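In what follows, a structure is listed as structure tokens, so that the remarks can point back to it.
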Amino acid sequence: MIASGHWPVLAALLALHILSVVFWIGGMGFVTVIVLPALTRLPPGRRFPAFQELERRFARAAQILVILTGASGGALIARLHLQPLLDRTAGLWLDGMIAFWSFFVLLLFVLEPLVLHRRLAAQAQRDEPRVLTRLGRAHVILLILAVVVIAAAVLGAEGAA
Ligand code: HEM
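Under my numbering, the first residue of the sequence shown carries the number 12, and numbering increases by one thereafter.
Written out as structure tokens, the structure reads:
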């Protein structure tokens, strides 16, 4: 939480941070809860290509949102002088945000374009329903993790105030 007297730069940074998280995780929630279940209604053979088309567009937006989240988060750490918290148990909520963010950087900028895209397409040729079930499970796990990270961030920031 930001103490009064640090306005307006800190407030703007926190707003940018939270809006980026809202659109990024909100988009992921939409894919998980609405898009993936809806795809099962399409005829077999068209489900995975439809998923890929939607995911490709969302991945581009997610890349920008993840960069904005990381940049605003880093600036908040510097301006709030939270660096000492990073290697203390009391700062685990901060480490959690950074770990979750780092995983997504790896996923969106390395694994998805270089490995997963091709591998999943090949697997979907053989067994499309199985690939979509696994994708659904992976999205649910990531969404649950995001909720945990967000809850820890809000509680942790209250404690750090
Ligand atoms: C490099 C990655 C990240 C860094 C460096 C970072 C850093 C920060 C910092 C310094 C704050 C302000 C804490 C305060 O007001 O005392 C904050 C707030 C917050 N962050 Fe992050 N963050 C990162 C990624 C994330 C991610 C991935 C999420 C969610 C999935 C997230 C969710 C939040 C939320 C919800 C708040 C608001 C907490 C509150 O003020 O109640 N952050 N973050």
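The C-beta atom is built at its ideal place from N, Cα and C for all residues, glycine as well. Fair warning: this is a prediction, and the values are worked out from it, not measured in the lab.
* Helix or strand or just coil, what does DSSP make of Leu53? -> Looking up residue 53 in the sequence shown gives position 42. Coil, per DSSP.
* If we ignore side chains and look at the alpha-carbon of each, how far apart do Glu139 and Gly102 end up? -> On the sequence shown, position 128 is the one that residue 139 refers to. On the sequence shown, position 91 is the one that residue 102 refers to. Straight-line spacing of the CA atoms in Glu139 and Gly102 works out to 42 Å.
* Please state whether DSSP places Trp104 in a helix, a strand or coil. => Position 93 of the sequence shown holds residue 104. Reduced to three states, the DSSP call for Trp104 is helix.
* To do: Say whether the segment 77-87 touches the segment 21-39, bearing in mind that this needs 3 or more beta-carbon pairs closer than 8 Å, one atom from each stretch.
  => With a cut-off of 8 Å on Cβ pairs, the segment 77-87 is in contact with the segment 21-39, counting three or more such pairs.
* Asked: With DSSP run on the structure shown, which of helix, strand or coil describes Trp18?
  -> Position 7 of the sequence shown holds residue 18. In this structure, Trp18 counts as coil in the three-state DSSP scheme.
* To do: State buried or exposed for Phe62, treating a residue as buried only when at least 16 other CB atoms are found within 10 Å of its CB.
  => Residue numbering aside, residue 62 sits at position 51 when the sequence shown is read from its first letter. The Cβ neighbour count for Phe62, taken over all protein chains shown within 10 Å, is at least 16; the residue is labelled buried.
* Are the segment 121-140 and the segment 36-50 touching by the rule of at least three beta carbon pairs closer than 8 Å? -> In the pairwise beta carbon analysis, the segment 121-140 is classified as not touching the segment 36-50: fewer than three pairs are separated by under 8 Å.
* Quick one: using the 10 Å Cβ neighbour count with 16 as the cut-off for buried, is Trp35 buried or exposed? => The residue you call residue 35 lines up with position 24 of the sequence shown. Trp35 is buried by the Cβ-count criterion.
* Identify, in the order they occur along the chain, each residue of the same chain with its Cβ nearer than 8 Å to the Cβ of Pro55, setting aside the five sequence neighbours on each side. => Locating residue 55 in the sequence shown gives position 44, counting from the first residue. Around Pro55, the same chain offers Glu139 and Pro140 as residues with beta carbons nearer than 8 Å, after the five sequence neighbours per side are excluded.
* **Heavy atom of ligand 1 within 6 Å of Met108 beta-carbon** => The count along the sequence shown starts at 1 and reaches residue 108 at position 97. Flag set: Cβ of Met108 near ligand 1.
* Asked: Any chance the segment 105-121 sits against the segment 147-164, with 3 or more Cβ pairs inside 8 Å?
  -> Taking a contact to require three or more Cβ pairs closer than 8 Å, the segment 105-121 and the segment 147-164 qualify as touching.
* Boundaries (first-last residue) of the alpha helix (DSSP H) holding Thr80 -> The residue given as residue 80 occupies position 69 in the sequence shown. For Thr80, the uninterrupted alpha helix (DSSP H) segment begins and ends at Arg58 to Leu91.
* Just how far apart, CA to CA, sit Leu96 and Leu105? -> In the sequence shown, residue 96 corresponds to position 85, counting from 1. In the sequence shown, residue 105 corresponds to position 94, counting from 1. Straight-line Cα distance between these residues: approximately 8 Å.
* Cβ-heavy atom distance, Thr80 to ligand 1, below 6 Å -> Taking the sequence shown and counting its residues from 1, one reaches residue 80 at position 69. Because some heavy atom of ligand 1 lies under 6 Å away, the Cβ of Thr80 counts as near it: yes.
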